[in-house]
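This report refers to the structure that appears directly beneath it.
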């Protein structure tokens, strides 16, 4: 936004992570999971998903995991009432 990169948007208990690679995203998920353990919090891993966008959105890549469960890759998400769709 306005030339500034924001990799994490948070509102109440909703978190949206935005990163340029699967490896960096997994690192951030690991940090979030560690934070949750330290502060006695839990993620709803069944509602957590991943969405790939950009020119390589359909390339096969490693699973992202949270709570030792793989995140499902989806083609659209809803964040704070805003629908975000991946366009081919």
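Numbering (this note's numbering), first residue to last: 78 to 165.
For each residue, glycine too, the CB sits at the ideal point set by N, CA and C.
The model shown is predicted, which means the values in this text are computed figures rather than measured ones.
Per DSSP, the continuous beta strand (DSSP E) segment holding residue 85 begins and ends at 85 to 88. When the five nearest sequence neighbours on each side are left out, the beta carbons in the same chain lying within less than 8 Å of the beta carbon of residue 84 are those of 94, 95, 96, 105, in order along the chain. Residue 91 has 88 as its beta-bridge partners, per DSSP. Here residue 118 is exposed. Its C-beta has fewer than 16 other C-beta atoms within 10 Å.
Counting C-beta atoms within 10 angstroms of its own C-beta, residue 143 has 16 or more neighbours from the protein chains shown and is therefore classed as buried. The Cβ neighbour count for residue 141, taken over all protein chains shown within 10 Å, is at least 16; the residue is labelled buried.
Distances from the CA of residue 149 to each of 164, 125, 161 were compared; the closest alpha carbon is that of 125. Selection 161, 80, 122 evaluated against residue 130 yields 161 as nearest (Cα-Cα). For residue 154, the enclosing beta strand (DSSP E) starts and ends at 153 to 156.
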